[in-house]
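Mapping of the sequence shown onto full-length UniProt numbering: position 198 corresponds to residue 198, and the numbering continues sequentially without gaps. Idealized CB from N, CA, C, for every residue including glycine. Note that the structure is predicted; figures quoted are calculated from it, not measured. Structure, as structure tokens:
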Amino acid sequence: MLRHYLAITVLLIASPPPASAAFDPYHLGYEESPGRVSYDATDESYNADVAELFGKHAWFGRFHPHFGYRHELGDTIGRTGGLSSFDLFFPVLEDCNSDWLIFVDAQLLLDDQNNNLGSNLGVGARRYLPGWNQTLGAYVYHDTRDTGLASFQQISGGFEILDDLFETRVNWYVPTGQTQSQWGEELVPGSTFRFVNHQLYTGAITRYYQNALLGADLETGVRVFTGYKTDLRAFGGCYFFQAQNSDAAWGWKSRVETRISDLVALNLSVQHDDIFQTTVNFAVSVQWPSLSGLRDGPAAGLVARDRLGETPERLRSIVVQNRSVEDPNGTPVINPATGNPYYFTHVATGGNSDGSYEDPYATLAKAFADPRTQQGDLIVYDHRDASEAGDFVLAQNTRVLSTGPAQYINSQFGQLQIPDSGSGLIPQINGSFTMHHNTEVTGFNLINGSGPAITANGVGNVLISQNTINSSYAGSAVYLNGLTGPVTFNQSPITATSGTAISIHNTSADVTFTDSTITGTGANAVDILNSSGTIQLGSITATGGTTAVNIDNSTAHITIDELNSTNASNSALAVNQLTGSLEVKQSTIANSGVAGVQLTDSTEITLRNLTINTPASNPTGTSITATGTSNLLVASSSINHAGAGTSVSLTNSSGTVTFDQTPIIKDDGLAVSISGGNADITFTGSDITNTDGEGIDIQNAGGSIQLGTITTTNGAVSANINGGDADITIAELNSDNASTSPLVINNQTGSFTLNGGTFTSIGTAGAQITDSSNVTIQGVTMQTPTTYGIYAQNVNGLNLNGNTIIDVSLDGIYVQNLTGTSSISGNTIRSLLSAFDNAIEVSTSGDASLDIDNNIISSILTIGSNGIDVTTGAGNSTINIRGNQITSVANGFGDAIHFTGNSTGTTNLTISGNTVENTLGIFGDAIDVRYNAGSATTSIVSNTIDSDDLLNLMNGGIYLNLNTTGATETFINQNIVSDDALAGLLNDGIFVDIDRGTNDTIVHVTNNELGGSTDILDDGIQIRMGNSGVSNVAHVQVNDNQIYGLLNFGLNVSVANANTISLQVDGNDTSLLTTLNFLSGLGATTKIEDISNLSSNNSNAIVLLLGLGSYQNTTDWLLP
């Protein structure tokens, strides 16, 4: 297309034809134009454009080199499509008068069809004859042409006479070298193949040739018009071309040529003959500096002497004829792999000769005894349906075929069906075939009881197709060893009643079974040993035997479409040291003695659509056991295991292990065992269910383990985790009638999370956690644990959230020696028919941060201990007890919230937003806080105590005992102690007992509401200091409290021994009978801010200052 654009551009930029003028027929030109011009070399000027290009070198005379481009559109003689030409004309030798010239002419050709190349290289001479006023020329060329299908060469030449008005030329063309090339052949439609002797012949065929033609052409022309820069010439002529064994092409031709400037010429030609028919060709030529090569001179009206430097006019492209020849006799069918005709040795019933089609052999034995068969590179073609015994060894490149199935060969015409094939006649061979390189056996029934039916040892490129193989041999029915090239079994079912159906040993090549079932009855199906490459197996069925499929010490990539195994004495699928990969797409496995699937030290195992059934009668079998396995996927499968053995056992796994949509149903024994390893193990949509057994056992595992729903009934432990640093998550754990604890966690240093479940009829504790870290149990309901709801000991990081514990015998949640960051929140602990000790009991043994928030604790008709009981040991602690609801109905209860600080470190304790209710029952302290060492910051804020509107008895509302060795500050603010509409009987509303401490003991008791108008309290607020006999200084603020319903004092402050207390008592709202009582013992000092206005500052309460100690006014209660 670019070449077409170039030609059009030339036309557009070329000089236009001159305007109309009077025409002189005699002179064939314009009246204004000169007549014939005689040139004298001595009068010539050297100032033209050519001189600027080539200078005034003595090598060139009147004619200089010129080069250009020519493009032809349309077909012409012996060529289809356009042609581009890149031209160079080079004068070699010119006489001093410019009357003769020797030149070299060269063209590079490029056709439009496939951009195939061609060339012309010629030498010629022209001589001007002044007496005759004519120029004679002769030239000879070497031409080449590449058609895309063949390459041709020729020698061509010509002779020309150029006159001022007319010109004549004769050209000849002689191909050299190969003049004919066959580029294709095809069968004549409807032709049939036939055997002739040992070869297969086609029917009639058509062959296609290209020929380079010998020929010549002649043309004569005359100048019919001359303008200022324009010449118009017309030509007529004839031509002859002929190929060997072909009709000649005799034809005529005509041509019109115009030079529209001294740079551009246009040609239009028409030609016709019986071979190439009528063709039309249009050409555009551009030459620079000029078409004629003249250094100066006219652009039009050229005479004979001016044309010595023009490019000769001739056929530039070698004339090539496409032709076809039909051969009715056909040709031998060629094997494209060898380039030779196929050789057939025929076997047929009744034959007794040389194996030709006309005289076949009677048996395969005779055919294989033929030396030609032993050479190989042939087809042994069996036309029988007879039975024959024998063991046959194939030579290289041998195909042994029967006529039973349709048989095909590749040929020069594509794939062909061999005649007589597809007859359905299948010979039976009681023996074997031993394969060689590039061999095939197709269409036989093979029976063997004394050796392998098929053996391929150290060979490759083997095809076993459309056979049936039945073996009772104790070894291998098919033995493949040391393969060096691919082996394919196609539509060849294999059945073994003893030994092994398929053995693939020491092989590095690809082995493929397509539509070839493998059946072992009382035998093993497949044995793969020390092999690599790719092994693709189809459907495998094994009944009895030792192992259905055994894979050992291989790097192969293995695929099994379907595996069915029943009653394997060992394992249905045994894989040992496979470092390639294995994919089983579908399988059904029943009652394997050792394991349905046994994996050892192997990698990249994928099991899909797997069904494993193990009956109760099998006491030892495992469904899946994997030891040292990396990257295991079990998907869309089901495992039903009723035997006592473990259903799934994973030991020392690595990489990823995934059970996806694979439920495990177990009766008795253990469902899943995970031991050691560092894998990422995930059970997605794969519930684990066990009746009369355990759910999962995890021992010393690393990595991560994600489990779905686990449900057990009547077992010992539903989930047991022991040792290891794995991060373990169980989505849901359900347990009924466990004989011990449904969940046991011991020495787990990774993390554990249980996100839900239900435990009923629990033998001991609902969950038992010891010596572990980062344990989370949430959303679990535990009913009637025999001992504890949750028992935890020596745990670093414990989160117990959103659980429900009902009718526990001992503590609902018992945690001993807790460290790290923990949370016990949102739990519900209820005692309905049996007493629990403590609802939540926690002791710490090191640095700890603990939140006990939003728990609901209730006790009905039972006698229990404390609601929440926290004891800190060594280390620093932050304890938050917030938003809990503790209710006692008609029962005995210990303290609702009990805290003991035994740590010598620093404790930050917050007890806030809790609700403590007591109805018709005997309650201990609602909040009881005792420090025995260390330093502490305590906030007891916004708690509600006894707000149920019925008569009840409580020991005290809030009790705080400070027996610390370090600085303490306590905030007891905005608490409500008993707001009953009816009467309630309490001891003290708030009791602060300061036994020991430093001079930095500060207590804030503010904005509390103590008792209602009908309540009976011993003291509203009691502050006691100094029972320990140690001299201390304390600062106590009692402000803005509401104190009602008193049996004794509204505020009772007592100081003993040599202790000093500094008080701010202000803004307290008291009833009419409320007394503020102060007792300062011998040696004690009581300082009161604004002591003189103490009564008026507190609703005019009665103030009693008693004892032998001193009372002092202070301006700031926080001063020493």
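DSSP, read as helix, strand or coil, puts A936 in strand. DSSP, read as helix, strand or coil, puts N1093 in helix. Here DSSP, grouped into helix, strand and coil, assigns K366 to helix. In its chain, beyond the 5 residues on either side, E219, G221 and R255 have a beta carbon closer than 6 Å to the beta carbon of F235. For Q778, the uninterrupted beta strand (DSSP E) run begins and ends at A767 to Q778, by DSSP. Around the beta carbon of T1115, fewer than 16 other beta carbons lie within 10 angstroms, which makes this residue exposed. Per DSSP, reduced to three states, the secondary structure at P785 is strand. With distances taken between CA atoms, L93 lies nearest to P65 out of I945, V188, P65 and D247.
A contact between stretches requires three or more CB pairs, one per stretch, nearer than 8 Å, and the segment 549–559 meets this requirement with the segment 571–586.
Taking the Cα positions, F193 is about 26 Å away from F368. When the five nearest sequence neighbours on each side are left out, the beta carbons in the same chain lying within less than 6 Å of the beta carbon of T373 are those of T345 and A367, in order along the chain. In the structure shown, the three-state DSSP call for R79 is strand. In the structure shown, the three-state DSSP call for A568 is coil.
Residue state for N1057 is assigned as coil, using DSSP reduced to three classes.
The C-alpha of S735 is placed about 25 Å away from the C-alpha of G676. Just so you know, the alpha carbons of P312 and T206 end up roughly 40 Å apart.
Contact annotation, S849 with N817: C-beta distance approximately 15 Å; criterion of less than 8 Å not satisfied.
In summary, A456 is buried, with 16 or more beta-carbon neighbours lying within 10 Å of its beta-carbon over all protein chains present.
Taking a cut-off of 8 Å on C-beta distances, the segment 807–827 touches the segment 786–799, as three or more cross pairs fall below it. CA-to-CA, the gap between Q706 and A726 works out to about 10 Å. Rounded to the nearest whole angstrom, the C-alpha separation of Q699 and S649 is 11 Å. When T559, S654 and S638 are compared, the shortest CA-CA separation from A626 is found for S654. With contacts defined by Cβ atoms closer than 8 Å, L315 and Y173 form a contacting pair. Burial state of Q466 is buried, judged by a 10 Å Cβ sphere holding 16 or more other Cβ atoms.
Taking C-beta atoms as the reference points, D561 and G533 fail to come closer than 8 Å. Three or more Cβ pairs closer than 8 Å define a contact, and the segment 341–358 falls short of that threshold against the segment 179–187.
Buried is the label assigned to V597, since at least 16 other Cβ atoms lie within 10 Å of its Cβ. Judged by DSSP in its simplified three-state form, A738 adopts coil rather than helix or strand.
In the DSSP assignment, T373 falls within the alpha helix (DSSP H) that extends over P371 to Q375. When rounded, the separation of the alpha-carbon atoms in S356 and V347 is 9 Å. In the three-state scheme derived from DSSP, where H, G and I count as helix and E and B as strand, A304 is classed as helix. Beta bridge pairing from DSSP links M1025 with I994 and V1055. Taking D697 as reference, the option from P360, G703 and V672 with the minimal CA-CA separation is V672. Per DSSP, the beta bridge partners of W100 are R127. The Cβ-Cβ distance between I886 and I911 does not fall below 8 Å. With a 10 Å radius around the Cβ and a threshold of 16 neighbouring Cβ atoms, Q1042 comes out buried.
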